[in-house]
Each structure stands twice: as C-alpha cells, then as structure tokens.
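Asker:
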Ligand code: GUN
Ligand code: FE
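Numbering (full-length UniProt numbering), first residue to last: 1 to 454.
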C-alpha cells in the first residue's frame with residue numbers, strides 16, 4: 001500500500017454555493033484516494049501527529065507560499081482525432097465543417113502511426129492544462145480508439161473513451177462510414193471489452209463508452225444495439241444532443257420528437273450518459289435528462305460558433321441537473337477547461353443582457369436571470385463534472401481520488417498575481433478561475449500520481 005501526505009491550502013467547491021477554503025490542510029492519500037483531510041484549526045493534535053508521521057516516513061510534500069491545491073479539471077467533451085485542426089475552419093456551418101474538414105481528418109486515424117503521434121500530443125497537452133479527466137470521442141477505427149485508451153492509461157489521465165459509431169450511409173461519407181450496423185455493433189462491443197481488459201487498467205482509470213456520434217450518423221439498428229451494449233456492460237454513453245438548428249430539426253423530421261426523447265427510446269439516456277451541447281432542449285427534455293440522471297456536456301465556445309444558440313446553464317443549475325464543461329476540441333479552439341469556464345460566464349452574461357445595442361436595455365435582454373458566478377462555473381468544471389460521470393472526482397475530500405492541481409500564483413510576468421493583504425481568499429479563488437494560465441499549473445496529479453509538471 002502506498003501512502004503520501006500533502007500539506008497546502010485547499011480551494012474546492014462541494015456545491016455551487018459553497019467555497020471551501022482550508023489553509024494549510026493536511027491530505028493523506030492512500031493508493032490514489034484521499035483518506036483524510038485534516039484542517040489544523042479543527043484537529044490540531046491529529047494534524048501534528050499525521051505531519052510528524054509523514055515527515056519521519058519521508059512521504060511529505062508541502063506547497064510553497066502562494067501555491068494552492070484545487071481539484072483537477074474535468075472535460076466532458078473532446079473529439080480526440082480533431083486535435084490537429086484546433087483553431088481552424090470555425091467560420092463554417094456545422095454540417096459543412098463536418099463533411100469538408102472533420103470527417104477527412106478523422107478518416108486518417110486508420111493510420112496507427114499518425115494516431116499515436118496525434119493522441120500522445122493531445123493527452124500530454126490536456127494534462128499540462130490541468131485536465132485530469134476527459135470524456136473522449138475517438139474515431140470509427142477500433143485499433144486507434146483502443147490506442148487512445150492505452151495512451152491515457154500510460155500517461156495517467158483518467159478518461160472515458162469511446163469508438164464512434166457512424167453507419168448511416170446517407171449521412172456519412174463512403175470513406176468514413178461503418179460498413180453495416182452489425183459490424184458497427186461488433187466493433188463497439190469489442191472496444192468495450194478491450195478497454196476493460198487493457199493490461200494495467202485494474203483500477204479502471206480508463207473506462208469504455210459507446211458513442212452514437214449523433215442521431216443523423218446512425219441507423220435505428222445501431223442506435224438500438226448501442227443501447228443494448230450500454231445496458232449489458234453498464235458502460236458510459238456519449239453523444240451529441242440537440243446541438244444546432246439543422247441537427248435538431250433533422251431529428252424532429254425523422255422521429256417526430258427531440259433528441260433526448262429519441263435517444264431515450266433506444267436506451268441511450270442513462271445515469272452514465274453525457275449529452276454534449278444540448279442547446280435546443282425544451283423544458284420537458286431537461287426534465288427527462290434529470291430524471292434519468294444523465295448529464296449535459298456544456299460547450300459554450302463551440303455553441304457560439306456552430307449552434308446559433310447557447311445552452312441555458314443557469315436554468316440547468318437551478319434544476320439541479322448534472323452538467324459539466326466541455327472544450328469540444330476542435331469545435332472550440334481551446335484545450336483549457338479554465339478557458340471554457342470563462343466562456344461559460346461570458347455566454348451566460350450575453351444570454352442575460354442581449355447584444356443588440358440599438359435596443360433599449362429592457363428590450364435587449366434575451367433571457368433575464370441567466371448569469372452564473374465564477375464559483376458556479378468552477379463547480380461545473382469540477383465537482384459537477386464528477387457527478388456527471390458518476391465517479392469520485394472533482395473534489396478534495398475523503399473518499400475522492402487525489403486528482404488535484406497545484407496552482408502557483410507567484411510565477412513572474414503572469415496575469416494571475418496576488419497582492420498580499422489586499423485580497424480575501426474568495427478573491428484569490430476568483431482570480432484563479434478568471435486568469436490562471438497553463439504556466440500557473442505547476443503540478444497535475446491523477447490518482448496520487450504526478451502526471452504533469454512544469
Ligand atoms: N455533431 C456531430 N459530430 C460533431 C462534431 O465532431 N463536433 C460537433 N461540434 N458537433 C458534431
Ligand atoms: Fe462535439
């Protein structure tokens with residue numbers, strides 16, 4: 001059994017109204033899980049003896065002044081094969097972007113050497129950006145998809161990974177399409193089995209998912225079969241839901257209902273389902289998703305480019321829905337979940353205030369009361385992301401995995417700077433959410449393992 005002790009000031013958000021700030025907390029980590037978190041002001045004796053024991057055993061790591069522990073960031077929506085086109089072609093409509101840019105790039109992952117190079121670069125970069133857990137879409141290729149899972153395992157990133165199903169021949173190009181529904185299901189089931197059996201994956205650091213890419217890319221037969229695989233294996237489900245006007249209307253035409261209800265008919269809305277985007281949800285769609293305990297992967301930056309609408313985060317939080325943040329690489333041109341938090345704050349503001357300056361303020365508002373706070377955005381990016389994935393992550397508390405970042409506020413020439421004695425702890429936390437950059441993330445731990453360092 002391996003034990004390590006950390007001492008440092010903790011910021012974490014157990015719920016969207018609460019910031020826990022524990023100066024000089026002592027954290028005992030056993031086999032990757034937080035066993036104890038001792039607040040010196042509450043248990044001075046226990047603190048002193050645990051500190052002494054760790055010092056004697058040589059298993060103590062102590063943060064420097066100006067460094068803080070925060071929970072690792074959770075990215076609920078990443079298209080791993082799109083990494084090489086981050087920051088490209090975002091002025092096109094979604095359907096054109098998919099057909100002319102994205103599908104040709106994703107098709108290249110039949111080349112396993114290309115896949116290895118691209119996926120290694122992606123996983124390392126996300127770890128350096130403080131993303132300790134990612135829900136990944138891979139491509140339709142079984143071998144490269146398993147490779148992505150193996151790279152996450154080797155580099156120590158927690159991940160939910162899925163092979164993407166695309167078997168609708170009228171919507172998918174011939175060069176990037178599953179040959180038949182039966183073959184799509186065979187490959188998807190084999191993927192789940194292979195990820196579960198990966199050597200070294202004994203603690204389920206990497207979990208398999210089934211992925212109907214989105215309803216337009218799938219036949220009824222593959223949707224039904226993927227729902228059956230999800231049930232048989234209890235694995236995660238990832239898909240896109242009511243993202244753009246085009247896609248939302250396509251589903252209404254085909255099924256006479258919205259995505260959430262159509263997916264639910266196929267057994268694809270479960271406690272372990274992540275519905276990316278979900279911008280065009282009705283109130284009934286939101287109630288259904290909440291009832292199933294499924295989650296929304298909120299991708300505000302991508303929504304602004306592709307969806308023509310913004311997911312109403314405030315309403316989802318008020319309904320106590322499960323919701324996490326997503327970069328939607330490469331639908332959003334950033335690898336940073338911190339950046340996504342900032343865009344979510346801005347998008348919620350814009351939804352509240354409106355944008356058309358020619359209208360008087362009272363008529364400009366699109367949806368009053370839509371703003372969210374930096375605390376809420378951080379809660380969505382951490383604890384609520386963990387709840388969304390049904391995993392013990394996103395908090396610094398006993399029973400949770402030690403998936404933790406060290407934020408350093410003393411890096412020279414950084415926009416994150418603290419004027420001692422000027423800021424309250426709440427203000428320091430707010431500054432971190434608004435202005436931490438990758439160079440402020442000096443250490444990334446997953447399950448107690450140091451997986452990235454500056
Ligand atoms: N809908 C189907 N595929 C995709 C994709 O790759 N990105 C986005 N944003 N939406 C999609
Ligand atoms: Fe997406």
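Glycine included, every Cβ here is placed at the ideal spot set by N, Cα and C.
#1: Short check: CB of residue 76 to CB of residue 325, under 8 Å?
#2: Under the assumption that residue 34 contacts residue 402 (Cβ atoms under 8 Å), give the Cβ distance between them as a whole number of angstroms.
#3: From what residue to what residue does the alpha helix (DSSP H) around residue 47 run?
#4: Residue 32 and residue 38 look like a contact to me (Cβ under 8 Å); what is the Cβ gap, rounded to whole Å?
#5: Determine which residues share a DSSP beta bridge with residue 324 and list them.
#6: Excluding sequence positions up to five away, which residues of its chain have a Cβ less than 7 Å from the Cβ of residue 353?
#7: Candidates 408, 338, 434 and 343: which alpha carbon is nearest residue 132's?
#8: Secondary structure at residue 199, three-state DSSP: helix, strand or coil?
#9: Report the rounded CA-to-CA distance for residue 343 versus residue 232, giving the unit in angstroms.
#10: Bridge partners for residue 206 per DSSP, in chain order?
#11: With C-beta atoms as the reference, is residue 71 less than 8 Å away from residue 109?
#12: Below 8 Å on the Cβ atoms is my guess for residue 322 versus residue 294; work out the distance and round it to an integer in Å.
#13: Could you pull out every unbroken alpha helix (DSSP H) segment of at least 4 residues lying fully inside the region 309-366, listed in chain order?
#14: Looking at the secondary structure, which residues open and close the beta strand (DSSP E) in which residue 5 lies?
#15: Keeping to the same chain, check which residues put their C-beta closer than 7 Å to that of residue 206; ignore five residues upstream and five downstream.
#16: So, with DSSP's three-state summary, where would you put residue 405?
#17: Quick one: does the C-beta of residue 154 sit closer than 7 Å to a heavy atom of the ligand FE?
#18: Residues with a Cβ closer than 6 Å to any heavy atom of the ligand FE, in chain order?
#19: Just to check, is the beta-carbon of residue 96 closer than 7 Å to a non-hydrogen atom of the ligand FAD?
#20: Can you give the Cα-Cα distance for residue 451 and residue 129, rounded to whole angstroms?
#21: Counting C-beta neighbours from all protein chains within 10 Å, is the total for residue 419 16 or more, i.e. buried, or is it exposed?
#22: Output the boundary residues of the beta strand (DSSP E) element that contains residue 20.
#23: Would you mind stating whether residue 147 and residue 116 have Cβ atoms separated by less than 8 Å?
#24: Write down every uninterrupted run of the alpha helix (DSSP H) in the region 194-274 whose length is 4 residues or greater and which is fully enclosed by it, in chain order.
#25: If you draw a straight line from the alpha carbon of residue 276 to that of residue 330, how long is it in whole angstroms?
#26: Secondary structure at residue 371, three-state DSSP: helix, strand or coil?
#27: So is residue 300 buried or exposed if we call it buried at 16+ other beta carbons inside 10 Å?
#28: Pick helix, strand or coil for residue 85, following the three-state DSSP scheme.
Answerer: Taking the structure as given:
#1: Your numbering for residue 76 matches position 76 in the chain shown. Your numbering for residue 325 matches position 325 in the chain shown. Yes, these two residues count as a Cβ contact at 8 Å.
#2: By 1-based counting over the chain shown, the position of residue 34 is 34. By 1-based counting over the chain shown, the position of residue 402 is 402. Contact holds; Cβ gap of about 5 Å.
#3: For the purposes of this step, residue 47 is taken as residue 47 along the chain shown, with counting starting at 1. Taken as a continuous stretch (DSSP letters only), the alpha helix (DSSP H) holding residue 47 covers 44-57.
#4: As a working mapping, residue 32 is identified with position 32 in the chain shown. As a working mapping, residue 38 is identified with position 38 in the chain shown. Actually they are not in contact, since the Cβ atoms of residue 32 and residue 38 sit about 19 Å apart, beyond 8 Å.
#5: The sequence position of residue 324 within the chain shown is 324, counting from 1. Residue 324 pairs with 297.
#6: In the chain shown, residue 353 corresponds to position 353, counting from 1. Cβ within range, chain order: 364 and 365.
#7: Residue 132 sits at position 132 when you count from the first residue of the chain shown. Per the Cα distances, 338.
#8: Mapped onto the chain shown, residue 199 falls at position 199. Residue 199 falls in the coil class under three-state DSSP.
#9: By 1-based counting over the chain shown, the position of residue 343 is 343. By 1-based counting over the chain shown, the position of residue 232 is 232. Straight-line Cα distance between these residues: approximately 38 Å.
#10: Position 206 of the chain shown, counted from the first residue, corresponds to residue 206. Per DSSP, 159.
#11: Against the chain shown, residue 71 aligns to sequence position 71. Against the chain shown, residue 109 aligns to sequence position 109. Not in contact: residue 71 and residue 109 (Cβ atoms no closer than 8 Å).
#12: To locate residue 322, count along the chain shown from 1; it is residue 322. To locate residue 294, count along the chain shown from 1; it is residue 294. The Cβ separation is near 7 Å, so the contact holds.
#13: 313-318, 337-353 and 361-364
#14: As a working note, residue 5 is residue 5 in the chain shown. Its beta strand (DSSP E) spans residues 3-15.
#15: What you label residue 206 is simply residue 206 of the chain shown in a count that begins at 1. So the qualifying residues of the chain are 149, 152, 153, 159, 161, 195 and 198.
#16: Taking the chain shown and counting its residues from 1, one reaches residue 405 at position 405. Strand at residue 405.
#17: To locate residue 154, count along the chain shown from 1; it is residue 154. No, the ligand FE has no heavy atom inside 7 Å of this Cβ.
#18: 77, 79, 240, 276, 328 and 331
#19: Because the ligand FAD does not appear in the structure shown, any question about it cannot be addressed here, the ligands present being the ligand GUN and the ligand FE.
#20: Here the question's residue 451 lines up with position 451 in the chain shown. Here the question's residue 129 lines up with position 129 in the chain shown. Those two C-alpha atoms are separated by around 11 Å.
#21: Residue 419 sits at position 419 when you count from the first residue of the chain shown. Exposed.
#22: For the purposes of this step, residue 20 is taken as residue 20 along the chain shown, with counting starting at 1. Looking at the DSSP string, the run of the beta strand (DSSP E) that includes residue 20 is 18-30.
#23: Walking along the chain shown from the start, residue 147 turns up at place 147. Walking along the chain shown from the start, residue 116 turns up at place 116. The answer is yes: Cβ separation under 8 Å.
#24: 220-233, 245-255 and 259-265
#25: If you number the chain shown from 1, residue 276 lands on position 276. If you number the chain shown from 1, residue 330 lands on position 330. Each residue's Cα considered, the two are about 13 Å apart.
#26: Numbered from 1 along the chain shown, position 371 holds the residue referred to as residue 371. Looking at residue 371 - three-state DSSP - the assignment turns out to be coil, as it is neither helix nor strand.
#27: For the purposes of this step, residue 300 is taken as the residue at position 300 of the chain shown. It is buried - the Cβ of residue 300 has at least 16 other Cβ atoms within 10 Å.
#28: The residue you call residue 85 lines up with position 85 of the chain shown. DSSP places residue 85 in helix when its eight states are reduced to three.
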